[in-house]
Amino acid sequence: MSALNLYDTATREVGVFKPLIPGHVSIYVCGATVQSHPHIGHVRSAVNFDILRRWLTWSGYDVTFIRNVTDIDDKILHKAVHEKSPWWAVAMKYERIFTQAFASLNVLPPTYEPRATGHITQMVELMQKLIDNGAAYAPGNGDVYLEVRKLKRYLTLSGQKLDDLQPAADADAASSEKRDPRDFALWKAAKPGDPSWPTPWGAGRPGWHLECSAMAHAYLGEAFDIHGGGLDLVFPHHENEIAQSEAAGYKFANRWLHNAWVTQAGEKMSKSLGNTLQVETILQRVRGIELRWYLGSAHYRSMLEYSEAALDESAVAFRRIENFLTRSVELLGIQPEPTITDAFCAAMNDDLAVPAGLASISENLRLGNQAITDGDKKAIAKNANEIRGALQILGCDPFDTNYPQSASGNVSAALDGVIQLALKERAAARERKDFAASDAIRDGLLALGITIEDTAQGPRWSMEEKS
RNA sequence: GGUCGGAUGGCCGAGAGGCGAGGCAAGGGACUGCAAAUCCCUCUACACGGGUUCAAAUCCCGUUCCGACCUCCA
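Below is the structure:
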C-alpha cells in the first residue's frame, strides 16, 4: 500500500504524511460560529474533513478529531438583539441546526466538540502565559492584545508581510490603545449589556478566536498533526492562532489543510454576497446522501461551482451506483462486503484525490452491470464489494444505517405484495399480447412514483426515495 | 498596493513533461412487443503570445480574463 500524501498550506507542497505519534492522528478543525443557518459551503468543509477522517481510520490510524463550536462572538450578539433572544439561546439554536445538517450528510460526530464558552479558564491561562512571555499586553482598558511585531514567524502561513497589509478599519491610532494597528485583540473588554467573564485584566469576552488555540492545546496538547478549515480562514484566523500558540511556546499544528469553497457564478458563497444556499433548502431537492456525494466529488482544494444542473446530474449518477448495489443484493441475497481496491487506495493516498477514485468506481460499475447481464455472481459480488468499500470511505454507503432506510418492514412487505399482484396481472396481459393493458399497469404504477423494469430475471420495481 | 488561486471538449471535472482520467449530454449499435435499465462503438480539449525540450495541457517568460484574502467568512 502506498503512503498517504497530503498538501500542506504552510509549505504549499504535497508531501508524505507522518503522524507525530505512530498509529495515531490528531486533528483540529475549525467548526461553526453558530450565528446563522449552515449553507452548503459549511457542510462541504465538514464533508471534506470527514472523508479525510474516514480514510485515516480505514488506513489503521486511531484518530482524535476535534471540531469546535464558537458560541460567542460579535455576530452572535448582534443576532441576539435582532432575534430578541438571549445570545446563548441563539448560539444553541444554530448549533442544533448545524448538528442536524451534519447528521443528515452522515458527517461523523467529532471525538469531542468543545464550545468556546466552556474554555474561558484555558483562555485566561493562555493570555497570562503570553503576557508573561512579553508577547501580549493589557493596556488597562480591559482589552488584551497580541503584539505582532514581536513575532518573527507571523504571517508565514499566508506568505504575507506585515507592512504590506492594508491597515485595519479600526486603525485610527488616536482612539486605540494598540501599540501597532495590526495588533489584534485576544480579549475584549465588556461593553454594557454584553456577556462577560472575569479576568485579571478586567471583565470581558474572547477576542480573536483565542478559543481555537486554547482548545486545541487543551485536547491535543503542545503539538498535533493536522489543523483544518476553510480557505478563508488562512488569514487572519489561522495566522492568529499560530501567533497565539507559538508565542505561548506551543509547537501547534504540524500540517495545514484548507478546503476550497462552493461558488456561484465564480463567486464564493457568503452572506455578504447574498448567494448562500441553505442545506435545508437543498435537502428538499435531493437526499442527504446525494448532496454529500455531490459535495464530496470535487477535489477538496478545488472550487466547486454550484448549479442545480450539476447537483441533479450528480444525484442521478449516484442513483445508478445505488441501483447496482440494490440489484446485487437482490441477486446475491447478501449485502456487499466493503473492500478497497488498489486504484481507489492510490487515489485517496494522493492528497485525497476523490475524482480519481470516482473513475475507479465508474469502472467497477461498468464491470458490475456487465456481470449482472452475464449472470456472473462472482463478478457481481467483487464489484459490489469494491464499490461499497469506496462509498463507505466517502461516507455515501447506502446501507449505512445513519441514512434514512426505506419504509418499515411490514409496510414495505405489504407494498411489495400489492405490486407483485399488479405485476402478475401485467405478465398475464403481456402473455396474451394485450400491451395496452400491460402498459396501463406500468404507467399507473409510474404515476405513483413506482418504476417497473423488465430484466432477464423478471420484472423489478423501485420507488424514488425522499430524504 | 501586497499575497494566493484559477482558465481543459456542448457541460461537469481530473491530470502536471511522452501513453487523450472519468462522468453527463449527443450520434450510432445490441437487447426489448414497447419502454426502462444495461452494455458496446463514435465525437469534441487544454485562455493567448513567445521560449526551453527529441517531446509541453504540464516547465519558463510575457499578456488577457476571472476569483479569493488583506483583522471576527467554511
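Using numbering that gives the first Met the number 0, the first residue of the first sequence is number 0, and each one after it goes up by one. Using N, Cα and C, we set each Cβ at its ideal position, and we do this for glycine too.
Can you give the beta carbon distance from residue i to residue j, rounded, assuming they're within the 8 Å contact cut?
i	j	result
LYS74	THR116	Wrong, their Cβ atoms sit about 15 Å apart, outside the cutoff.
SER269	VAL353	Going by Cβ atoms, the distance from SER269 to VAL353 rounds to 24 Å, so no, they are not a contact pair.
LEU330	ILE386	No, LEU330 and ILE386 are not in contact; Cβ-Cβ is about 14 Å, not under 8 Å.
LEU276	ILE39	5 Å
ASN105	ASN401	5 Å
LEU324	PRO397	6 Å
LEU129	GLN243	7 Å
LEU303	SER103	With 8 Å as the limit, LEU303 and SER103 do not qualify as a contact, their Cβ atoms being about 19 Å apart.
PRO138	GLU82	With 8 Å as the limit, PRO138 and GLU82 do not qualify as a contact, their Cβ atoms being about 34 Å apart.
ASP70	ALA90	4 Å
HIS77	GLU210	Contact doesn't hold; Cβ gap of about 18 Å is too wide.
PRO335	SER327	6 Å
ARG52	LEU107	7 Å
GLY141	GLY203	5 Å
PHE101	ALA135	Actually they do not touch by this definition, with Cβ atoms about 34 Å apart.
ARG254	ASP7	5 Å
THR63	THR110	5 Å
Taking buried to mean at least 16 other C-beta atoms within 10 Å of its own C-beta, is residue i buried or exposed?
i	result
ASN239	buried
LYS151	exposed
SER306	exposed
ALA455	exposed
SER359	buried
THR10	exposed
GLN369	exposed
ASP162	exposed
ARG523	Only positions 0 to 466 of the chain appear in the structure, and residue 523 is not among them; the question remains open.
ALA172	Note on ALA172: pLDDT 48, under 50, position unreliable in the model; the coordinate value appears next. Under this definition ALA172 is an exposed residue.
GLY192	exposed
ILE241	buried
SER1	exposed
PHE434	exposed
ILE333	exposed
SER482	As displayed, the chain neither begins before 0 nor continues past 466, which places residue 482 out of reach and without an answer.
ARG148	exposed
ARG441	buried
ALA170	For ALA170, the predicted model reports a pLDDT of 49, less than 50, meaning its position is unreliable; a value from the coordinates is still stated below. Result: exposed.
GLY374	exposed
ASP182	buried
PRO199	exposed
GLU312	exposed
GLY443	exposed
GLN99	exposed
For residue i, name the three-state secondary structure that DSSP assigns.
i	result
HIS81	helix
ALA170	The pLDDT assigned to ALA170 is 49, lower than 50, so where the model puts this residue is not dependable; a value taken from the coordinates is nonetheless given after this. The answer is coil: DSSP assigns ALA170 none of H, G, I, E or B.
PHE223	strand
ILE26	strand
HIS237	helix
ASN4	strand
VAL33	coil
ASP442	helix
ILE469	Nothing can be reported for residue 469: it is not among the residues displayed for the chain, which extend from 0 to 466.
PHE343	helix
THR56	helix
GLU266	strand
LYS92	helix
GLY457	strand
MET302	coil
GLU336	coil
HIS118	helix
PHE317	helix
VAL285	coil
ASP61	strand
HIS257	strand
PHE101	helix
TRP87	helix
TYR249	coil
ARG431	coil
Can we count residue i as close to the ligand GTP, meaning its CB is less than 6 Å from some heavy atom?
i	result
ASN322	The ligand GTP is not part of this structure, which contains no ligands at all.
Legend entry - Contiguous alpha helix (DSSP H) assignments of at least 4 residues, all confined to the region 353-422: 353-373, 376-393
Legend entry - the region 445-458 contacting the region 422-433, beta-carbon criterion three pairs below 8 Å: Touching, per the Cβ criterion.
Legend entry - In chain order, each beta strand (DSSP E) run of at least 3 residues that lies wholly inside the region 128-158: 143-145
Inset, instruction - Could you say if the region 177-191 and the region 121-141 meet the contact criterion of at least three C-beta pairs nearer than 8 Å? - result: Yes: at least three Cβ pairs fall under 8 Å.
Inset, instruction - Specify whether the region 214-224 and the region 18-30 touch according to this definition: at least 3 beta carbon pairs, one from each stretch, less than 8 Å apart. - result: Segments in contact, yes.
Inset, instruction - Evaluate contact between the region 250-264 and the region 222-235, counting only Cβ atoms and requiring at least three cross-stretch pairs below 8 Å. - result: yes
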